[in-house]
Amino acid sequence: MRTPWGDIAVSDAHLHFFSHTFFSSLASQKQASLDEIGAALGWKLPPEDPRALAECWRVELDRNGLNRAALIASVPGDEASVAAAVAAFPNRFAGYFMLNPIAPDAEKRVRQALGEAGLRGVCLFPAMQAYSLHDPKVQPVFEAVAAHPGTVVFVHCGVLTVGVRKKLGLPSKFDMRYSNPLDLHAIALRHPEVNFVIPHFGAGMFRETLMLCDLCPNVHLDTSSGNSWIKYQTPQATLADVFRQALAAAGGKRLLFGSDSSFFPRGWNAEILEAQLQAMQEAGVGEYEARAILGGNFDRLFPRAA
58 MRTPWGDIAV SDAHLHFFSH TFFSSLASQK QASLDEIGAA LGWKLPPEDP RALAECWRVE
118 LDRNGLNRAA LIASVPGDEA SVAAAVAAFP NRFAGYFMLN PIAPDAEKRV RQALGEAGLR
178 GVCLFPAMQA YSLHDPKVQP VFEAVAAHPG TVVFVHCGVL TVGVRKKLGL PSKFDMRYSN
238 PLDLHAIALR HPEVNFVIPH FGAGMFRETL MLCDLCPNVH LDTSSGNSWI KYQTPQATLA
298 DVFRQALAAA GGKRLLFGSD SSFFPRGWNA EILEAQLQAM QEAGVGEYEA RAILGGNFDR
358 LFPRAA
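Set out below in structure tokens:
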């Protein structure tokens, strides 16, 4: 892809895989049909076969000149959908699955997903499922993850909103007591062989996220979404300021570009990349750092299948 720093193979580290299972879960919660869910959202519902949805995203990557992407299973228990997508296009996609680590079958799910299913990352949303990362029930999950070298653990911190739930009038009873990035500090130090990713620059808990990155060299940031949390910064900051501070604390080797794209017919959200390229320029990002942020770090964390 053509960028201000020349041709760079750009990869997206944050792409939600809104599968048929995902929409079926919403329909069950809303007590509505899938067609009613699609009409309420104004979205195109995905095909039942996740490989067909993977093909839609492959076409989007090609159309926008993207190299690879990390697909996120966006409801717990949907490992099979992302695993099928990754198996269909192993050189284009890496797969995350969402996990509730205090569920009785959490360890089993980790072993299966990171083993036979071929997924590469675990997504944790502590505020969504209302658990502390220091809960003794969570620690065996990190041990199971550490037993699979190369696994990436995505931990959502800060403000958590799920636009699709709000649009459908579904409650989002999240608990921000469990959103502090510093809760990850001792865990990241205990497992230096595991790479952790905090999305959205910490989603409003930017200062705490920078502290965590400064203290833990295995913690990375993804740059995804429009980063509307910036409105909480005092004094008021810009996205360029955010990049500048993140680079000072974490360095260019620990930032990963992400778009937070999710649904059709919108498809891949090119406006996010355009805004971030401009912010990176304003922040004085050089070519070496730009290549790392836009694709190099992704390839290091998610090396291509042999």
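In my numbering, the protein residues as written are 58 to 363.
Note that the Cβ used here is the ideal one computed from N, Cα and C, for glycine as well.
Determine the closest residue to residue i out of the options, with distance taken between C-alpha atoms.
i           : options            : result
residue 331 : 303, 283, 289      : 283
residue 95  : 221, 131, 173      : 221
residue 199 : 213, 250, 311, 185 : 250
residue 62  : 242, 178, 348, 314 : 348
residue 194 : 159, 212, 101      : 159
residue 339 : 359, 316, 294      : 294
residue 123 : 105, 106, 139, 148 : 148
residue 136 : 168, 112, 256, 113 : 168
residue 174 : 185, 183, 140, 196 : 140
residue 134 : 229, 170, 84       : 170
residue 264 : 247, 305, 64, 244  : 305
residue 297 : 258, 180, 269      : 258
residue 366 : 190, 204, 321, 186 : This structure gives no information on residue 366, because the portion of the chain shown stretches from 58 to 363.
residue 355 : 76, 119, 128       : 128
State buried or exposed for residue i, treating a residue as buried only when at least 16 other CB atoms are found within 10 Å of its CB.
i           : result
residue 271 : exposed
residue 234 : exposed
residue 71  : buried
residue 357 : exposed
residue 236 : buried
residue 88  : exposed
residue 67  : buried
residue 188 : buried
residue 153 : buried
residue 352 : buried
residue 246 : exposed
residue 59  : exposed
residue 208 : buried
residue 261 : buried
residue 291 : exposed
residue 93  : exposed
residue 218 : exposed
residue 192 : exposed
residue 227 : exposed
residue 76  : buried
Does the separation of the CB atoms of residue i and residue j fall below 7 Å?
i           : j           : result
residue 146 : residue 126 : no
residue 98  : residue 91  : no
residue 303 : residue 278 : yes
residue 253 : residue 216 : no
residue 73  : residue 281 : no
residue 104 : residue 138 : no
residue 242 : residue 225 : no
residue 190 : residue 183 : yes
residue 85  : residue 132 : no
residue 344 : residue 309 : no
residue 212 : residue 181 : yes
residue 69  : residue 315 : yes
residue 312 : residue 255 : no
residue 157 : residue 186 : yes
residue 111 : residue 142 : yes
residue 273 : residue 238 : no
With DSSP collapsed to three states, give me the class of residue i.
i           : result
residue 271 : helix
residue 188 : coil
residue 254 : strand
residue 69  : strand
residue 365 : Given that the chain is displayed from residue 58 to residue 363, the structure contains no residue 365 and the question cannot be resolved.
residue 146 : coil
residue 81  : helix
residue 367 : For residue 367 there is no data in the structure shown, the boundaries of the chain being 58 and 363.
residue 352 : helix
residue 312 : strand
residue 98  : helix
residue 64  : strand
residue 155 : strand
residue 227 : coil
residue 138 : helix
residue 59  : strand
residue 199 : helix
residue 342 : coil
residue 175 : coil
residue 181 : strand
residue 75  : coil
residue 211 : strand
Give a yes or no on whether the minimum CB-CB distance between residue i and chain D is below 7 Å.
i           : result
residue 138 : Note that chain D does not occur in the displayed structure, where there is just one protein chain.
**Continuous alpha helix (DSSP H) assignments of at least 4 residues falling wholly in the segment 276-310** = 296-307
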